[in-house]
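Numbering (the UniProt record's numbering), first residue to last: 1 to 355. The C-beta atom is built at its ideal place from N, Cα and C for all residues, glycine as well.
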């Protein structure tokens with residue numbers, strides 16, 4: 001039991017199970033999954049689909065935080081991605097052409113990759129603090145998206161592009177398949193190669209890792225580029241779900257949800273060791289929590305307060321001091337054997353000499 005409480009996934013998984021139980025009590029058919037036209041439908045499937053964009057952003061955020069950084073610009077990058085893709089499709093004479101959709105996706109991801117490289121350049125080369133460097137793009141990115149869309153909400157009607165947001169593949173949502181597929185690839189790379197260890201070394205002590213031969217600047221540059229790329233893909237999923245590009249509201253505050261998912265998963269903001277599996281559970285907790293608010297019937301006026309209380313409870317249980325106290329409380333007191341009775345007093349030296 002003590003080892004179980006110490007595990008970094010115990011409390012996030014416990015919170016996820018508690019939310020699922022609360023939803024099931026409020027709506028007995030919450031966990032029911034049905035098959036319609038060969039596709040899976042139900043609340044759990046909807047949670048997986050809504051988790052997909054957040055999981056992609058949180059994945060990039062985990063890698064950035066592992067290097068002792070932060071990326072506040074991912075929400076703006078999400079807006080830029082949707083603006084580029086939908087503007088290109090809207091200006092095309094044939095929005096239903098697969099070539100047009102693939103070109104729009106390629107342009108959006110390429111620009112988001114450039115934005116991520118820009119963040120990495122500011123942090124790793126110019127030495128600007130990550131929170132300041134990404135704050136620049138956070139404020140300017142939505143302006144760029146507004147310029148791309150002309151200050152209007154761009155809408156399109158493209159069946160191939162809509163597949164990204166609401167399509168199905170092998171019965172599962174395409175968005176969930178893409179997000180979890182990218183997550184699996186990244187998890188395999190960072191845990192089955194030396195890349196994960198190098199990221200942790202860079203986050204623990206950048207100077208020492210650089211002196212030991214680790215290219216910490218290149219790694220830092222790479223993770224910011226990856227964060228921009230993943231945020232761009234999340235932006236495509238969000239815009240394909242609504243079939244609209246709203247520069248003001250697309251991806252709004254998703255950077256905060258991503259940071260919360262990382263923290264709930266047990267990754268410290270101080271950098272170093274990171275937990276991708278914890279980030280996955282954290283993203284599921286946040287998506288399930290948003291669904292719980294609707295199912296339980298909590299008033300929209302107190303919804304932010306309810307979500308904040310749940311997040312605070314999970315993060316407190318994840319804190320090292322709370323873990324130590326819970327671990328100490330579960331330990332059984334060790335039984336102590338009473339001291340053996342002392343034998344007869346030893347003869348003093350005079351008696352020994354007399355004998």
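Roughly how far, in whole angstroms, is the beta-carbon of residue 91 from the beta-carbon of residue 108, given that I think they are within contact range, below 8 Å?
Between residue 108 and residue 91 the Cβ distance is about 14 Å, and since that is not below 8 Å, they are no contact.
Three-state secondary structure (DSSP) of residue 272:
coil
Backbone CA spacing between residue 288 and residue 204 [nearest angstrom]:
32 Å
From residue 20 to residue 232, what does the alpha carbon distance come to, in whole angstroms?
30 Å
Along the beta strand (DSSP E) that carries residue 36, what are the first and last residues, could you check?
33-36
According to DSSP, which residues form a beta bridge with residue 41?
34
Roughly how many angstroms lie between the CA atoms of residue 335 and residue 220, to the nearest whole one?
Note that residue 335 scores 49 on pLDDT, short of 50, meaning its location in the model is unreliable; the coordinates nonetheless yield the value given after this. Looking at the two C-alpha atoms, the distance is approximately 52 Å.
Excluding the 5 residues flanking residue 14 on each side, which residues of the same chain have their C-beta closer than 7 Å to its C-beta?
none
Which of the three DSSP states, helix, strand or coil, is assigned to residue 12?
helix
Cβ pair residue 165, residue 40 closer than 8 Å:
no
Where in the region 48-113 do unbroken runs of the beta strand (DSSP E), each at least 3 residues long, occur, reported from the N-terminal end onward?
none
Can the beta-carbon of residue 226 be found less than 8 Å from the beta-carbon of residue 72?
no
Does residue 252 come out as helix, strand or coil in the three-state DSSP assignment?
coil
Look at the alpha carbon of residue 268 and the alpha carbon of residue 130, and state the distance between them as a whole number of angstroms.
16 Å
With residue 56 and residue 234 assumed to form a contact (beta carbons below 8 Å), what rounded beta-carbon distance in angstroms separates them?
4 Å
As a quick exercise: from 285, 112, 237, 51, pick the residue whose alpha carbon is nearest that of residue 18.
285
Pull up the distance between the alpha-carbon of residue 58 and that of residue 187, whole angstroms please.
13 Å
Give me, in chain order, the residues of the same chain whose beta-carbon lies closer than 8 Å to that of residue 281; leave out the 5 immediate sequence neighbours on both sides.
9, 12, 13, 16, 264, 265
Alpha carbon to alpha carbon, what distance is there between residue 238 and residue 201?
34 Å
Put residue 147 into one of helix, strand or coil per three-state DSSP.
helix
Please tell me whether residue 240 and residue 162 are closer than 8 Å, where the distance is taken between their beta carbons.
yes
With 16 other Cβ atoms within 10 Å as the buried cut-off, status of residue 30:
buried
Continuous alpha helix (DSSP H) stretch holding residue 214: start and end:
No alpha helix (DSSP H) holds residue 214; DSSP gives it neither H nor E.
Answer with buried or exposed for residue 218, where buried requires no fewer than 16 other C-beta atoms within 10 angstroms of its C-beta.
exposed
Going by the DSSP bridge assignment, what does residue 155 pair with across the sheet?
244
Could you please give the first and the last residue of the uninterrupted alpha helix (DSSP H) stretch that includes residue 125?
Element bounds for residue 125: n/a, residue is neither H nor E.
Would you kindly work out how many angstroms separate the C-alpha atoms of residue 184 and residue 178, rounded to a whole number?
10 Å
Buried or exposed: where does residue 53 fall if 16 or more other Cβ atoms within 10 Å of its Cβ makes it buried?
buried
According to DSSP, is residue 334 helix, strand or coil?
Reliability fails at residue 334, whose pLDDT of 48 lies under 50, so the model's placement of it is uncertain and the value that follows must be treated cautiously. Of the three classes helix, strand and coil, the one that applies to residue 334 here is coil, per DSSP.
So residue 190 is in the alpha helix (DSSP H); what residue range does that whole segment cover?
174-192
If you draw a straight line from the C-alpha of residue 291 to the C-alpha of residue 211, how long is it?
48 Å
Leaving out the 5 sequence neighbours to the left and right, which residues in its chain are closer than 8 Å to residue 222 when beta-carbon positions are compared?
120
According to the neighbour-count rule (16 or more other Cβ atoms, all chains shown, within 10 Å of its Cβ), is residue 132 buried or exposed?
exposed
Locate the alpha helix (DSSP H) running through residue 198, then write down its first and last residues.
195-204
Does the separation of the CB atoms of residue 66 and residue 272 fall below 8 Å?
yes
Going straight from the alpha carbon of residue 207 to that of residue 278, what length do you get?
28 Å
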